[in-house]
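Residue numbers (my numbering): 85 to 147. Each residue gets a CB set at the ideal place from its N, CA and C atoms; glycine is no exception. Note that the structure is predicted; figures quoted are calculated from it, not measured. What follows is a set of notes on a single structure, which appears directly below.
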């Protein structure tokens, strides 16, 4: 999970630097934004699995 968190941080920084240089909607930012989104999606999937497993066996009335 640490690698994914590191990737998110690096991609967010890269996106910020590219957006500052070229503007938020520039073509030069596209690949960095895409990769940042992929890493965020992977992080969300990992966190969802962790939380889902933590709630296993808990009755639905507690939600």
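Neighbour-count burial assignment, residue 90, 16 or more Cβ in a 10 Å radius: Answer is exposed; the Cβ neighbour count stays below 16.
Cβ separation of residue 98 and residue 110, assumed to be a contact under 8 Å, to the nearest whole Å: Actually they do not touch by this definition, with Cβ atoms about 13 Å apart.
Assuming residue 88 contacts residue 127 (C-beta within less than 8 Å), just tell me the rounded distance between them. 5 Å
Is it the case that the Cβ atoms of residue 113 and residue 102 are separated by a distance below 8 Å? yes
Can you name the start and end residues of the alpha helix (DSSP H) that residue 100 belongs to? 86-106
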